[in-house]
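Sequence positions in the sequence shown follow the numbering used here and run 1 to 280. Glycine is no exception: its CB is placed at the ideal position from the N, C-alpha and C atoms. Quick caveat, the model's predicted, so the values are computed rather than measured.
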Amino acid sequence: MELITLYYLCFICFIYVLRGKSDLPCLKRSCKLSKDKTTAKCSGLEYIPKIPSSVVKLILEKNSLFHISMDTFQNVSDNNLTSLAFIDNSIKVLTSDAFHNMKYLKYLEISHEKKLNISYLKMSFKSLNKQVMDTVNFINNGWTMLPMDLFSDFRNYTLEKIMFNDNTFLTFNGSLMSEFSEIHQLSIERNELVFLNASGLHSVIKLILSANNMFEIPNFCADEAGQSLVPKLSRLDMTDNAIRKLRPSSFKCLHNLKKLTLDKNRLMILENRIFPVLQT
Numbered sequence: 001m002e003l004i005t006l007y008y009l010c011f012i013c014f015i016y017v018l019r020g021k022s023d024l025p026c027l028k029r030s031c032k033l034s035k036d037k038t039t040a041k042c043s044g045l046e047y048i049p050k051i052p053s054s055v056v057k058l059i060l061e062k063n064s065l066f067h068i069s070m071d072t073f074q075n076v077s078d079n080n081l082t083s084l085a086f087i088d089n090s091i092k093v094l095t096s097d098a099f100h101n102m103k104y105l106k107y108l109e110i111s112h113e114k115k116l117n118i119s120y121l122k123m124s125f126k127s128l129n130k131q132v133m134d135t136v137n138f139i140n141n142g143w144t145m146l147p148m149d150l151f152s153d154f155r156n157y158t159l160e161k162i163m164f165n166d167n168t169f170l171t172f173n174g175s176l177m178s179e180f181s182e183i184h185q186l187s188i189e190r191n192e193l194v195f196l197n198a199s200g201l202h203s204v205i206k207l208i209l210s211a212n213n214m215f216e217i218p219n220f221c222a223d224e225a226g227q228s229l230v231p232k233l234s235r236l237d238m239t240d241n242a243i244r245k246l247r248p249s250s251f252k253c254l255h256n257l258k259k260l261t262l263d264k265n266r267l268m269i270l271e272n273r274i275f276p277v278l279q280t
């Protein structure tokens, strides 16, 4: 009789866990909600607990989430998340179905995830709803280079913003961005960048390259005739680089440029007739 009673109690506890009731103490201890209860920030967890249905922005920081798959999000599958940030969770694997149930996700951040294999990241893009994706941020992941087909699943899609700040790129090949139909803002700030290949940046409108080690304006010309590699580029920010000299050819193919920022460089030589090249 006691064995049957014990079995019954265990079954009730199991159902209790499935319904997410046992997550409530965990939520209070490990997750903080914004005043309007639309944002939750969770830390110190080994899984994602149930959160209030009002939460649409989830920040996961300093957890132990080594393997991210569709099942990882089973407790928040009904939240209609629009924003998801992974920050320093020791992620190693992202599966191809990871974001399958996140049909409304507009913002994705993966930062301080230095154990993550980039090939798994690429694989996870297959499950993103790219029709609604707006912003992707990859900050301080210790990346030195990227596979050329990283964004092959984004062909003909548009992003408002993509960010690679605080990595350790020495060079950046713009061909990575060639799949997109339009990128409103590409940011590669605070890297160790010395060279940018502008091929593939035809869809970029705003380019931010501040706080790098670039000693000259990148070549934005497709050929000697002056065809531009960046016909849509209207804003270029190269604040805090190592640029020493400006010549007319520096701006030869920036036909649509409206704003140029060169603060905190090491300019020593300004050749004649530099800026008439920028006049329309």
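- By the beta-carbon neighbour count (other beta carbons within 10 angstroms, threshold 16), L170 is exposed.
- Counting along the chain, the unbroken beta strand (DSSP E) around I139 starts and ends at 135–139.
- In the structure shown, T144 adopts coil according to DSSP, grouped into three states.
- Under the three-state reduction of DSSP, S30 is assigned to helix.
- Contact check for L150 against L116 fails: the beta carbons are separated by 8 Å or more.
- Taking 8 Å as the upper bound for CB-CB distance, F73 and I91 are not in contact here, some 13 Å apart.
- Taking the Cα positions, T239 is about 17 Å away from L254.
- Using a Cβ distance threshold of 8 Å, L58 and V76 count as a contacting pair.
- Taken through DSSP and simplified to helix, strand or coil, D36 comes out as coil.
- DSSP places D71 in the helix class (H, G or I) of the three-state scheme.
- Taken through DSSP and simplified to helix, strand or coil, D237 comes out as strand.
- In this structure, F99 is the residue among N272, F99, S181 with its C-alpha nearest to the C-alpha of S69.
- Secondary structure note for K206: its beta strand (DSSP E) is the uninterrupted segment 204–208.
- The C-alpha of S54 lies about 32 Å from the C-alpha of E182.
- In the DSSP assignment, L260 is bridged to L236.
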